[in-house]
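Protein chains in written order, with this note's numbering: chain A, 1 to 99; chain B, 1 to 463.
Glycine residues also receive a C-beta, built at the ideal position from the N, C-alpha and C atoms.
From a predicted model like this one, the values you see are computed outputs, not experimental measurements.
The following block contains the structure:
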């Protein structure tokens, strides 16, 4: 059970496949348009329940409860060997610049 | 109770936009196809001096114009004798929130406050979100940023995830959507629900804010180096960066400075495709925005876009992803400036252009942007690899967007591709195919496409 007052992330279907705009390509038209929003949970609920949250601007949004305490997990990525090679090229080609 | 179906909301878009900006776009319409662009630009009521004041009070503008001496020397190695122009960069990463977009946000959010709105909304997956959020924080307004972030598997573009984090850092609400142009539908619903101001990137405020950038470049070059730059090059997506800069250059008297557009070449990747979305290693400054917005500016979130690059640009040059990453690395290694990568698009093109210019000439790259987790070349390249995109070394012109990223084996191989401006103009004119054009229409088209009377006549015949 995730308690009322928790900081959570929800998912809402904005447009179903059938409701999507006529001009979108076939692959996009075959999936719904989804929204993710974050805010304070207004009533205690379980993951997967339909809930209402209050966002930081004070709006209410309804959606499926997906995550408790959503975090920032983006990063600089794993080691990319090709970038080391780019560095080597630049170093070799510019070794004499300040002579 | 409003009918909130897609079609019903789209049908009332003009009213929603009008209420959210208090700009009556009808006032600028001419008979026929055109509208009075300068009248619209003047309707803001702000002088450029007032804009500068608003920006400076908010830590925006007066960024340094930095000579990239080592990078210029590097380019000179591959240039014929007497060639290899001086490359400068306007270090816009020094603005509040880390990009030139702060210039646009400063004026828009200031205007929202002046008109009494309680908050602002912007539809953007770029640096503009953080710019609006930061300015709103300073002026005590609420901010909602609507982003296209994920594919249908909810895998987000690292660069955009970082931009969402930045917006939230400044206290904004970020509404994050999966791929699709119907983002505009949710955006309209939010404007209606909240009654907030539409801080559109394409409003006259958004463009006026960039004019100070062009003016600063012109005057700083003139005062410190004794002349206006020969060339100013702008990374081009929605067109506002180039338009505002070019207008500012003209206002400062740099009438002979050539203005070039540069975009990352993402030809072949569909912008509204769920499957193509995460195959892009650049989420802005690319052809997917640059070409459609140049050839049809009024596709934006306002009835008449103030961003009209075809009015100003002298050349339009494309560069591959691998070359932009290469030059991003060179900027850090040779100049001690870790920036971009997307903002370095025009820098990569400038590196080649400099080799074709004389050594006493000046080329100005008119922006840089902050870099961070997600929004970093290592993050972007790792993400690309995980999506099956091959990282290779070879001829950058052979890169196939979505399949591979080709780094040059030497900086000597960095090369751009030139877009034929008449072909762009023709695709602009196709929107008026079958329309019998009056004299006034043709005058409008001449201004829109930067052509003489005979040139426009010749081009219309080719339709």
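Residue burial classification, residue i (beta-carbon count within 10 angstroms, cutoff 16)
i	result
residue 505 of chain B	Lying before the first or after the last residue shown, residue 505 of chain B is absent from chain B, which here runs from 1 to 463.
residue 287 of chain B	buried
residue 463 of chain B	exposed
residue 464 of chain B	No information on residue 464 of chain B is available, as it lies outside the stretch 1 to 463 that chain B covers here.
residue 44 of chain A	exposed
residue 30 of chain A	exposed
residue 371 of chain B	buried
residue 5 of chain B	exposed
residue 290 of chain B	buried
residue 339 of chain B	buried
residue 149 of chain B	buried
residue 22 of chain A	exposed
residue 3 of chain B	exposed
residue 54 of chain A	exposed
residue 280 of chain B	buried
residue 221 of chain B	buried
residue 26 of chain B	exposed
residue 196 of chain B	buried
Between the CA atoms of residue j and residue i - distance to the nearest angstrom
i	j	result
residue 161 of chain B	residue 58 of chain A	22 angstroms
residue 407 of chain B	residue 327 of chain B	10 angstroms
residue 427 of chain B	residue 420 of chain B	11 angstroms
residue 318 of chain B	residue 193 of chain B	41 angstroms
residue 381 of chain B	residue 282 of chain B	10 angstroms
residue 191 of chain B	residue 52 of chain A	20 angstroms
residue 21 of chain B	residue 324 of chain B	37 angstroms
residue 164 of chain B	residue 226 of chain B	42 angstroms
residue 201 of chain B	residue 38 of chain B	18 angstroms
residue 33 of chain B	residue 441 of chain B	6 angstroms
residue 274 of chain B	residue 401 of chain B	15 angstroms
residue 360 of chain B	residue 213 of chain B	23 angstroms
residue 78 of chain A	residue 422 of chain B	44 angstroms
residue 99 of chain A	residue 76 of chain B	15 angstroms
residue 135 of chain B	residue 302 of chain B	21 angstroms
residue 390 of chain B	residue 176 of chain B	29 angstroms
residue 415 of chain B	residue 311 of chain B	26 angstroms
residue 376 of chain B	residue 64 of chain A	32 angstroms
residue 106 of chain B	residue 240 of chain B	15 angstroms
One or two residues paired with residue i in a DSSP bridge
i	result
residue 161 of chain B	Bridge partners of residue 161 of chain B: none, in fact.
residue 235 of chain B	B:262
residue 122 of chain B	B:145
residue 336 of chain B	According to DSSP, residue 336 of chain B bridges with nothing at all.
residue 156 of chain B	B:150
residue 178 of chain B	B:150
residue 417 of chain B	B:318
residue 24 of chain A	Beta-bridge pairing links residue 24 of chain A to no other residue.
residue 89 of chain B	B:66 and B:365
residue 406 of chain B	B:392
residue 35 of chain B	B:29
Sequence-distant residues of its chain with Cβ nearer than 7 angstroms to residue i (five each side left out)
i	result
residue 313 of chain B	242, 259, 260 and 261
residue 251 of chain B	48, 211 and 215
residue 68 of chain A	2, 6 and 8
Beta-carbon proximity list for residue i, same chain, < 6 angstroms, skipping 5 on both sides
i	result
residue 171 of chain B	137
residue 316 of chain B	261 and 419
residue 166 of chain B	130
residue 506 of chain B	The requested residue 506 of chain B does not occur in the structure, where chain B is confined to residues 1 to 463.
residue 364 of chain B	88, 217, 229 and 232
residue 494 of chain B	The structure shown does not extend to residue 494 of chain B, since chain B is modelled only from 1 to 463, so the question has no answer here.
8 angstroms CB neighbourhood of residue i in its chain, flanking five on each side removed
i	result
residue 272 of chain B	179, 180 and 181
residue 154 of chain B	178
residue 353 of chain B	85, 231, 233, 260, 317, 363 and 416
Check whether the region 57-70 of chain B and the region 111-129 of chain B touch, using three or more Cβ-Cβ pairs below 8 angstroms as the test. no
Does the pairing of the region 230-244 of chain B with the region 342-358 of chain B give three or more beta-carbon distances under 8 angstroms? With the cut-off at 8 angstroms, the region 230-244 of chain B and the region 342-358 of chain B touch.
Segment contact, 8 angstroms Cβ cut-off, at least three pairs: the region 144-162 of chain B with the region 78-87 of chain B: No, the region 144-162 of chain B is not in contact with the region 78-87 of chain B.
Taking one C-beta from the region 113-127 of chain B and one from the region 139-159 of chain B each time, how about it: are there three or more such pairs within less than 8 angstroms? When C-beta atoms of the region 113-127 of chain B are compared with those of the region 139-159 of chain B, three or more pairs fall below 8 angstroms, so the two segments count as touching.
Cβ pair count under 8 angstroms reaching 3, the region 171-181 of chain B against the region 86-93 of chain A: No, the region 171-181 of chain B does not touch the region 86-93 of chain A.
Is the region 427-437 of chain B in contact with the region 365-379 of chain B, if contact means three or more CB pairs nearer than 8 angstroms? no
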